[in-house]
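>
Protein chains in written order, with UniProt numbering: chain F, 1 to 437; chain X, 1 to 437.
Okay, structure coming up:
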């Protein structure tokens, strides 16, 4: 048996503690699987005195994670600090430069500095593993980076934020408002006190930016993501979706188009009968469409200490199974130096079906005016539902359109036209429809 | 860049031709991902003259796959011959003994000789990769063997035969009989002329036996699998399942129990709202339940030339990324020599819910007699539906029971009791219910 692999962990929160516990409890089994031991030799966290309920053994304590990252006491640096800069960035960079393998769960860091860090890792011939950064315990990085070699990806999309999916699931199940479901999620610890990051799509965008790079061999570009959150989704939308055979999910979607690569995060209508529509609560799911394989879907726990720890341990085990001098595949599937610049597709060129819900004044000619605006923009309609929604005054009604494939440009123009006609009571709701198997 | 990896392929049917095509079309991209070229240097197939529509380049032709397997012209032997013995076995064994890596799609071979072949591979320090052997293009082997390190699996189950799933899907969608759907599947090329292997569960059993070894660290034991096929599933079952909130799927299930490990293949009721219930047609899906991660589900194309080729190429790329002298993780997750003997759980000890459909004579006391037999065996009932099925004579009726968690033993005794009471018109239908998220 080879020498033990020496692990240093920076960050001992929920995930860090789960990793340490799993290393201790599964030591014999992990050793059997990896062909050598993984030993915790060093740790770093903010508060040395806190009891984390785990056995840190003889691990050396570092107050400074960067010092730990550089230390000759470790072979692998596990970064569980979080944040897209500051100590997390400094420590990961230092570890790679010192020739240490790195395992990180930090999507924000990778979405900002991923390519630069990959460049260092590849120069140094060390591994940079980050399965836990996207969709928690679901092995989507391993799948895209390794299993799908030889596949050209055309689209990757998924439910990658458990908080948002929990809220949408509860809104549908219980008929409650967005605000009530958010409050419940906060009570249960599924949402932060400031939930913006989760419900407005930022978290999903970080994860999506990493998948986009893996899917299309391009540089990571999280700033180029079109983003809409779920805070304006109402019960009227949920009910209308259900009637029309759809369910609303917050999806991140990256797709190859003629004009570039679309990256978008928004509430999305998916067919009720599709597999992804059955992904409820805090569960995540990612679907990948390729030319050779077809469509693959992975679903499972997207967050939580244990699910994330599972991915971190898997990454560590992959390093343990490799041996000194071993060259692994590149960090983002292709060598960092060969990743193409990201070419953004214009959002207005997006093609797809649309759900449009308009609350209008109930008077003669409204319907005809709406139909004309659609026709003028060459939008053909799959279904039209006129709706006396319970909550509306008598002189108002809901008109719900589902379009066939059209463009974002056409839909925006048509909706602006209906607004200009003066029939609309308030802002129309426009939700994109996504094909899903 | 390192030297090219020399590939020899034995078997040039649909899958083999897809692999060759993909290697040719994706050569540049694969080279970029792997850091070296993969070159087809040798092939073997039955008929040298056949036009397979692919470019075999300068590959050396071998009439005998065993000779190819031993040849010094290759680094990797790709076995796409099929069959659990004969040339496939001889060639894989010869390749491993010659110190060549092996990629195979052959579930029958592995389910019979997997441990013996793994032993040779591990002694020789070469890789034996077999992603395509289970669930086609779905990366379930990579997930279980690599990503889930540190997880104890409690249950693995899945839809692993596209033919059976296609037939069940069509029966539900179209209201057609098993026989009609089978004939349709045969017409479309989804079922063989002799469909026994697929519809009676043998194919699923082969795949399950491999997953069982990966899940529980035990030796492969395909002969110890309890097996029931789908040929006696009727429209009455499909309709009753639907009414009660279930869908019928042919599942392979391996589960840890107090008395050993259950391996079973049978028609199964899964909740209509579960993710796995939405897996339709020829699509496959595998769910894995573990202590650390929770439940993971993978779904995608389970068969077909391209989907299978995708998995084969992924396996080849993993070998290309590794370097001479590199020690990979063991073939079945744990070293072959340390796999425990398979300890079979008694099927009669199986615990779970049951669906029981009985066609009985419509006369006084029948219901009471059935209820008594259930109570005598301590079976408590979740629901009882009495059913005037369209197809039945007036003096007969369907009684459908769904039990709470009970044992196979109790159900068999209770049903034998009802039969002994003389109320039954024909054989009762008993279908196990499986929990699924």
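Beta carbons are placed, not taken as given, at the ideal position from N, Cα and C, and that holds for glycine.
Because the structure is a prediction, the values reported are computed rather than measured.
1. Report the neighbours of residue 34/F on chain X: residues whose CB is nearer than 9 Å to its CB, in chain order.
2. Which residue comes first and which comes last in the alpha helix (DSSP H) that contains residue 367/X?
3. For the pair the stretch 101-117 of chain F and the stretch 76-93 of chain F, tell me if three or more CB-CB distances fall below 8 Å.
4. Within the same chain, show all residues whose beta-carbon is closer than 7 Å to that of residue 285/F, passing over the 5 residues directly before and after it, in chain order.
5. Count the other CB atoms within 10 Å of the CB of residue 310/F; is the residue buried (16 or more) or exposed (fewer)?
6. My guess is that residue 143/X and residue 139/F are in contact by the Cβ rule of under 8 Å, so how many angstroms apart are they, rounded?
7. Apply the 10 Å Cβ neighbour rule to residue 338/X and answer buried if 16 or more other Cβ atoms are within range, or exposed otherwise.
8. Is residue 334/X close to chain F? Criterion is C-beta to C-beta, closer than 8 Å.
9. With DSSP as the reference, identify every bridge partner of residue 450/X, one or two as the case may be.
10. Which residues of chain F have a Cβ atom closer than 8 Å to the Cβ of residue 338/X, listed in chain order?
11. So what does DSSP say about residue 345/X, is it helix, strand or coil?
12. Going along the chain, which residues of its own chain have a beta-carbon closer than 6 Å to the beta-carbon of residue 135/X, five neighbours each way excluded?
13. Distance cutoff 8 Å, beta carbons only. Does residue 306/F sit that close to anything in chain X?
14. Does any CB atom of chain X fall closer than 8 Å to the CB of residue 341/F?
15. By DSSP, does residue 37/F sit in helix, in strand, or in coil?
16. Quick one: which unbroken beta strand (DSSP E) runs of 3-plus residues sit fully inside the stretch 128-184 of chain X? Chain order, please.
17. If we require 4 or more residues per run, which alpha helix (DSSP H) segments fall completely within the stretch 45-117 of chain X?
18. Could you tell me which chain F residues have their CB closer than 9 Å to the CB of residue 318/X, listed as they occur along the chain?
19. If you reduce the DSSP assignment to three classes, tell me which class residue 188/F lands in.
20. Helix or strand or just coil, what does DSSP make of residue 30/X?
21. Leaving aside the five residues before and after residue 336/F along the sequence, list all residues of the same chain whose C-beta is less than 7 Å from its C-beta, in chain order.
22. Helix, strand or coil: how does DSSP classify residue 125/F here?
23. Would residue 203/X be called buried (16 or more neighbouring beta carbons within 10 Å of its own) or exposed?
24. For residue 258/X, which option in 356/X, 344/X and 126/X has the closest C-alpha, if you only look at C-alpha atoms?
25. Taking all protein chains shown into account, do 16 or more other C-beta atoms lie within 10 angstroms of the C-beta of residue 361/X, making it buried, or fewer, making it exposed?
26. Judging by CA-CA distance, which residue of 75/X, 235/X and 227/X is the nearest neighbour of residue 170/X?
27. Just to confirm before moving on: does the CB-CB distance between residue 214/X and residue 333/X stay below 8 Å?
28. What in chain X is Cβ-close to residue 124/F, meaning under 9 Å?
29. Using a Cβ-Cβ cutoff of less than 8 Å, which residues in the same chain neighbour residue 154/X once the five nearest sequence positions on both sides are dropped?
30. In terms of residue numbering, what span does the beta strand (DSSP E) encompassing residue 385/X cover?
31. Going by other Cβ atoms of all chains shown within 10 Å of its Cβ, with 16 needed for buried, is residue 427/F buried or exposed?
32. What is the rounded straight-line gap between the Cα of residue 80/F and the Cα of residue 20/F?
33. At least one CB of chain F closer than 8 Å to the CB of residue 219/X: is that the case?
34. Please report the straight-line C-alpha distance between residue 377/X and residue 248/X, rounded to a whole angstrom.
35. Considering residue 23/F, what are the terminal residues of the alpha helix (DSSP H) in which it resides?
36. Does DSSP put residue 257/F in a helix, in a strand, or in coil?
Working from what's here:
1. Result: 149 and 329.
2. Per DSSP, residue 367/X is one residue of the alpha helix (DSSP H) stretching across 366-376.
3. Between the stretch 101-117 of chain F and the stretch 76-93 of chain F there are three or more inter-stretch CB-CB distances shorter than 8 Å, so the stretches are counted as touching.
4. These residues qualify, in order along the chain: 158, 159, 276, 279, 297, 298 and 299.
5. The Cβ neighbour count for residue 310/F, taken over all protein chains shown within 10 Å, is at least 16; the residue is labelled buried.
6. Residue 139/F and residue 143/X do touch by the CB rule: their CB atoms are close to 5 Å apart, below 8 Å.
7. Per the 10 Å Cβ criterion, exposed.
8. So yes, residue 334/X belongs to the interface.
9. Shown here, chain X extends from 1 to 437; a query on residue 450/X therefore has no answer.
10. Here the neighbours are 32.
11. Reduced to three states, the DSSP call for residue 345/X is coil.
12. Its chain contains 160, 284, 286 and 302 as the residues whose beta carbon lies nearer than 6 Å to that of residue 135/X, once the 5 sequence neighbours on both sides are disregarded; these appear in chain order.
13. With respect to chain X, the C-beta atom of residue 306/F has a partner C-beta closer than 8 Å.
14. By this cut-off, residue 341/F is not an interface position.
15. Looking at residue 37/F - three-state DSSP - the assignment turns out to be coil, as it is neither helix nor strand.
16. If only complete runs of 3 or more residues are kept, the stretch 128-184 of chain X shows the beta strand (DSSP E) at 153-159, in order along the chain.
17. Unbroken alpha helix (DSSP H) stretches of 4 residues or longer found wholly inside the stretch 45-117 of chain X: 65-70 and 86-97, given in chain order.
18. In chain order: 146, 147, 149 and 329.
19. When secondary structure is reduced to three states using DSSP, residue 188/F falls in the coil class, being assigned neither helix nor strand.
20. It is helical.
21. In chain order, 115, 118, 119, 122 and 330 place their CB closer than 7 Å to the CB of residue 336/F, counting only its own chain and leaving out the 5 sequence neighbours on each side.
22. Residue 125/F: coil per DSSP, three-state reduction.
23. When all chains shown are included, residue 203/X counts as buried.
24. Comparing Cα positions, the closest option is 344/X.
25. Burial call: exposed.
26. Checked all of 75/X, 235/X and 227/X; the closest Cα to residue 170/X is 235/X.
27. Cβ atoms of residue 214/X and residue 333/X: closer than 8 Å.
28. For the C-beta of residue 124/F, not a single chain X residue is nearer than 9 Å; the gap to the nearest is close to 15 Å.
29. Within the same chain, residue 154/X has close Cβ partners 255, 256, 289, 290 and 291.
30. Per DSSP, residue 385/X belongs to the beta strand (DSSP E) from 381-387.
31. Looking at its Cβ environment, which holds fewer than 16 other Cβ atoms inside 10 Å, residue 427/F is exposed.
32. Approximately 12 Å between the Cα atoms of the pair.
33. No, because no Cβ of chain F sits closer than 8 Å to the Cβ of residue 219/X.
34. Rounded to whole angstroms, residue 377/X and residue 248/X show a C-alpha spacing of 26 Å.
35. Counting along the chain, the alpha helix (DSSP H) containing residue 23/F begins and ends at 14-25.
36. In the structure shown, residue 257/F sits in a strand (DSSP, three-state: E or B).
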